[in-house]
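There are 2 protein chains.
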Amino acid sequence: MGSLDIKQESTPLMTNPLDPEEFRRQGYMVIDFLAEYYKNIEKYPVRSQVEPGYLRKRLPESAPYNPESMETILKDVQKDIVPGLTHWQSPNYFAYFPSSGSTAGLLGETLAAGFNVVGFNWISSPASTELESIVMDWLANMLSLPKSFTFSGGGGGVMMGTTCEAILTTITAARDALLDQIGRDNINKLVIYGSDQTHCSFFKSAKIAGISPKNFRTVKTSRAHAFALKPESLRAAIEADVNAGLIPLFLVATVGTTSTAAVDAVGPLCDVAKEYNMWVHVDAAYAGNACICPELRHMIDGVEKADSFSFNAHKWFLTTLDCCCLFVKDPDSLVRCLSTNPEYLKNKATDTQQVVDYKDWQITLSRRFRALKMWLVLRSYGVDYLRNFLRTHVDMAVYFEQMVTMDKRFEIVVPRSFSLVCFRLSAAAVLQYSGQKFIEEETLNDLNSELLESINSDGRIYMTHSLVDGIFMIRFAVGATLTEIHHVTYAWKLVQEHTSAILARRIRNL
Amino acid sequence: MGSLDIKQESTPLMTNPLDPEEFRRQGYMVIDFLAEYYKNIEKYPVRSQVEPGYLRKRLPESAPYNPESMETILKDVQKDIVPGLTHWQSPNYFAYFPSSGSTAGLLGETLAAGFNVVGFNWISSPASTELESIVMDWLANMLSLPKSFTFSGGGGGVMMGTTCEAILTTITAARDALLDQIGRDNINKLVIYGSDQTHCSFFKSAKIAGISPKNFRTVKTSRAHAFALKPESLRAAIEADVNAGLIPLFLVATVGTTSTAAVDAVGPLCDVAKEYNMWVHVDAAYAGNACICPELRHMIDGVEKADSFSFNAHKWFLTTLDCCCLFVKDPDSLVRCLSTNPEYLKNKATDTQQVVDYKDWQITLSRRFRALKMWLVLRSYGVDYLRNFLRTHVDMAVYFEQMVTMDKRFEIVVPRSFSLVCFRLSAAAVLQYSGQKFIEEETLNDLNSELLESINSDGRIYMTHSLVDGIFMIRFAVGATLTEIHHVTYAWKLVQEHTSAILARRIRNL
Chain A
16 MGSLDIKQES TPLMTNPLDP EEFRRQGYMV IDFLAEYYKN IEKYPVRSQV EPGYLRKRLP
76 ESAPYNPESM ETILKDVQKD IVPGLTHWQS PNYFAYFPSS GSTAGLLGET LAAGFNVVGF
136 NWISSPASTE LESIVMDWLA NMLSLPKSFT FSGGGGGVMM GTTCEAILTT ITAARDALLD
196 QIGRDNINKL VIYGSDQTHC SFFKSAKIAG ISPKNFRTVK TSRAHAFALK PESLRAAIEA
256 DVNAGLIPLF LVATVGTTST AAVDAVGPLC DVAKEYNMWV HVDAAYAGNA CICPELRHMI
316 DGVEKADSFS FNAHKWFLTT LDCCCLFVKD PDSLVRCLST NPEYLKNKAT DTQQVVDYKD
376 WQITLSRRFR ALKMWLVLRS YGVDYLRNFL RTHVDMAVYF EQMVTMDKRF EIVVPRSFSL
436 VCFRLSAAAV LQYSGQKFIE EETLNDLNSE LLESINSDGR IYMTHSLVDG IFMIRFAVGA
496 TLTEIHHVTY AWKLVQEHTS AILARRIRNL
Chain B
16 MGSLDIKQES TPLMTNPLDP EEFRRQGYMV IDFLAEYYKN IEKYPVRSQV EPGYLRKRLP
76 ESAPYNPESM ETILKDVQKD IVPGLTHWQS PNYFAYFPSS GSTAGLLGET LAAGFNVVGF
136 NWISSPASTE LESIVMDWLA NMLSLPKSFT FSGGGGGVMM GTTCEAILTT ITAARDALLD
196 QIGRDNINKL VIYGSDQTHC SFFKSAKIAG ISPKNFRTVK TSRAHAFALK PESLRAAIEA
256 DVNAGLIPLF LVATVGTTST AAVDAVGPLC DVAKEYNMWV HVDAAYAGNA CICPELRHMI
316 DGVEKADSFS FNAHKWFLTT LDCCCLFVKD PDSLVRCLST NPEYLKNKAT DTQQVVDYKD
376 WQITLSRRFR ALKMWLVLRS YGVDYLRNFL RTHVDMAVYF EQMVTMDKRF EIVVPRSFSL
436 VCFRLSAAAV LQYSGQKFIE EETLNDLNSE LLESINSDGR IYMTHSLVDG IFMIRFAVGA
496 TLTEIHHVTY AWKLVQEHTS AILARRIRNL
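Line by line, the protein sequences are chains A and B. For the first sequence, my numbering begins at 16 and goes up steadily by one. For the second sequence, my numbering begins at 16 and goes up steadily by one.
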């Protein structure tokens, strides 16, 4: 061995990008920035009011050659980024389904980014894998899921980014298990089922998995049945397919649909699907969170008959985006299909088969340490508070619904579920105000659309819409962490104000 | 409208989970925790030394009913989680490909989690979409990608979690574009191509997309050609398939393979693939980062002929996990295949067709505001520093390689590319030490495996291995942010120490 008088030069650099003291200094600045953001959040228009292309006009055409200070950058975040945000954390945010953040969730994400481990298999960071298995079992208990969805019962849970990934993962596993039996040539015969209220990501996932789009069944629901998928409708659809020589593969039953928070009856649907050996996934992306409350748990009754169950903890469980919790009864069905074992990932722990390698339970290899933020949320707030937190939101939705009901200009389109109220300006009200005898459904829809846009453009609150059975309705979704009862009162006052203005303008224009 | 004397109760709660002052207090604590973690990181064994199941023995069986303080939780993070981490941010981490964190990347992730916007379409948070498009164009310029991969050139970039998603997205787009022409019945005829060095996630993605596993071609490479995919080998594989009535769909050319950082010649491979109208994706997950250095840019020469290009900024660009940057020439090919347009997501901005809705460029609907951390990294460090940062790592690998070369007990298995050195204890050395005349390749592999495990168990540094052409080799990957030249010297000293001990033990045992 020679001496070490060999090339050892390295370009002199500024402070290392992970220098602890510089990290601490800048870290405090960012924490302060966010604390001020939350303090002032009600001052910003909830839905961003910028025009398309606003940011390109403000930023340079290329990345800077030289470093800039965090002070300068944070000033620009305030000046250039904040106006372009739609403020999901605003207490006046009632759009889509909210995405609930919290101190514990956010700081859990920060800790995870700080450790920056890549937990694809056990050895790559045992704590990442083990904490995930443990908190998933905790959640299963909180949701009173059957033991078969827990690790001690032979099943288990895994954290992903979104429900889209959970569904793609389970469809793929179900598809390959079936094709292994019947042969790959039958891939174009496989049929998947949901209702016309099922989230679009189910059909997109099926498409990605190579299921033929002509075999996507969106079984019709109706307002009369609160937009729930009826078991007899499902059966009729399946039988028609079987008679046509097709092969039923997969059903998504939704608890808490996107448009109206409708609840499919999981048990009876599973009974039908299981006659045809289908995989049943229960998508409770939004409403599943609330099922930790014993009084709401019945909404997922029958889940013990399903193969998999998922909810998005980033929607209503204070974890911040992203965090989808997927529980499966038969993890081997995922592993059989999704396992990879290249030499560069081989290790003794995997060889013992005594550890979970989560890369084989999901689409991607690399994965963040999401369990940390869930652990921080569960410990910082505790089960009792979390239940009460969710109940407060449901109570506020009940309160809003009561106010809608008391104003005769409005109607509730479907009875409230969970914390979502679906309402609209009613035909009767418009007729009364305009003195007309009849109003087309389309005209009524346009009027409601106009009302919603008027409210949202104003910027003080933000709601979104959906269309069910041809009815344009406004969705009022309570779920932002900072929302309190007075925000709901205020929102309702704004709805009334805009309604009065629109009806007055309309009458003038008649 | 009646009075508001209706149900307005809400369970009294503790401080709101987003209370600004409480957030600030806890935020400082977490920043301090991480600053101390970085200060002390060299004290921890790099590869975690816990046994499988260690954490379940330490944690309670269910989530706590009552809240616990952040002080208590952070103590437990230190006590229960830190020992179970494999310290990817340690300067003594040389395993897999590192995942480079930084103050700017980590605080960018914190800011994004703090805003907690869900940027699935433009209106849901215009800044999220627009900043992403802008920084992707900046990156395209830094990489000297052709204009066709930028928004102004008709292409564009999108940020995902991992390369797995980038590949699944592009395979799906390519698959459906082709099946739309030739009919879905041909799905089982589609063939995908990579080399035997291509990352396993390519084949996994193809499997998820419903491509028949019997149509996965892993074209053989050789040590003589530095494990690069040879265009003539690719052509032979394609022609055999075409002659057998199969249909070439997709090629992944890798710049910087996982085992040895081998570089496929992108241009010549594209020339072959384009004769057969295949989609070519360039996977530069690791090495793509370094191509912002003009002297390394030639490694991706020919990329202008490819359809898509991706690199993982979380690997070697200071952004922290996760951040895959995907550039495509024809975003419409993604949108045609992956677009969804349910009523509840309809909005005026989308209707104008003047905005990007990134949900249609990717697998999932929900997406984090990843552009923020990239923007913070680019501005905090600047192009010049970033290049020098990468060069420092390459220099350190050169230095390590020189030391390996000077110690006659070792051989370099393949010439170094970028910052990865592949080496092993050589047959000649073992023979000399043992006085034997011959050593089986398997015995030599076992010896190298023993050496690596001995080093890793010691905990002071961490490296991983791969197997190429039957050769077990040790991979020394420089890329952790805190690594300095003295860590490399130290690592080499440890390798030498363990080698001497193992060879001595072996000779005793003869």
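Cβ coordinates follow ideal geometry from the N, Cα and C atoms, glycine included.
What does the alpha-carbon distance come out to for the pair residue i and residue j?
i             : j             : result
residue 466/B : residue 378/B : 42 Å
residue 331/A : residue 230/A : 33 Å
residue 514/B : residue 521/B : 10 Å
residue 480/A : residue 497/A : 22 Å
residue 320/B : residue 165/B : 14 Å
residue 20/B  : residue 508/A : Low per-residue confidence applies at residue 20/B: pLDDT is 45, beneath 50, and the placement is therefore not dependable, though the value from the model is reported in the following sentence. Looking at the two C-alpha atoms, the distance is approximately 15 Å.
residue 394/B : residue 85/A  : 9 Å
residue 302/B : residue 273/B : 10 Å
residue 405/A : residue 170/B : 44 Å
residue 24/B  : residue 411/A : Its pLDDT being 43, under 50, residue 24/B is placed unreliably in this model, and the value from its coordinates should be taken loosely. So the two alpha carbons sit approximately 9 Å from each other.
residue 239/A : residue 167/B : 50 Å
residue 336/B : residue 427/A : 45 Å
residue 388/B : residue 37/A  : 17 Å
residue 149/B : residue 121/B : 20 Å
residue 223/B : residue 265/A : 16 Å
residue 211/A : residue 236/A : 6 Å
residue 355/B : residue 172/B : 19 Å
residue 438/B : residue 491/B : 8 Å
Run through the DSSP bridge pairs and tell me what residue i is partnered with.
i             : result
residue 437/B : 429/B, 490/B
residue 325/A : 298/A, 341/A
residue 480/B : 489/B
residue 262/A : 205/A
residue 269/B : 298/B
residue 109/A : 478/A
residue 278/B : 270/B
Where do the ends of the beta strand (DSSP E) carrying residue i lie?
i             : result
residue 207/B : 205-210
residue 232/B : 231-234
What distance in whole Å lies between the Cβ atoms of residue j and residue i, which are believed to be in contact at a cut-off of 8 Å?
i             : j             : result
residue 369/B : residue 67/A  : 5 Å
residue 15/A  : residue 202/B : Summary: the structure shown does not reach residue 15/A, with chain A confined to residues 16 through 525, and so no result is reported for it.
residue 269/B : residue 298/B : 5 Å
residue 233/A : residue 213/A : 7 Å
residue 139/A : residue 144/B : At roughly 32 Å, the Cβ-Cβ gap does not stay under 8 Å, so residue 139/A and residue 144/B are not in contact.
Please name the residue, chosen from the options, that lies closest to residue i on a Cα-to-Cα basis.
i             : options                    : result
residue 280/B : 179/B, 318/B, 436/B        : 318/B
residue 344/B : 325/B, 336/B, 394/B, 384/B : 325/B
residue 117/A : 148/A, 495/A, 517/A        : 495/A
residue 398/B : 491/B, 442/B, 294/B, 333/B : 333/B
residue 178/B : 157/B, 450/B, 153/B, 215/B : 215/B
residue 63/B  : 132/A, 185/A, 311/A        : 132/A
residue 161/B : 278/B, 449/B, 322/B        : 322/B
residue 275/A : 288/A, 244/A, 290/A, 255/A : 244/A
Where do the N-terminal and C-terminal ends of the alpha helix (DSSP H) with residue i fall, by residue?
i             : result
residue 120/B : 118-130
residue 172/B : Segment 171-175 is the beta strand (DSSP E) holding residue 172/B; no alpha helix (DSSP H) there.
residue 417/A : 386-421
residue 80/A  : From DSSP, residue 80/A is part of no alpha helix (DSSP H); its letter is neither H nor E.
residue 462/A : 456-473
residue 37/A  : 35-55
residue 156/B : 141-157
residue 217/A : 215-223
residue 447/A : 442-449
residue 181/B : 178-197
residue 346/B : 346-353
residue 365/B : 363-367
residue 73/B  : 69-73
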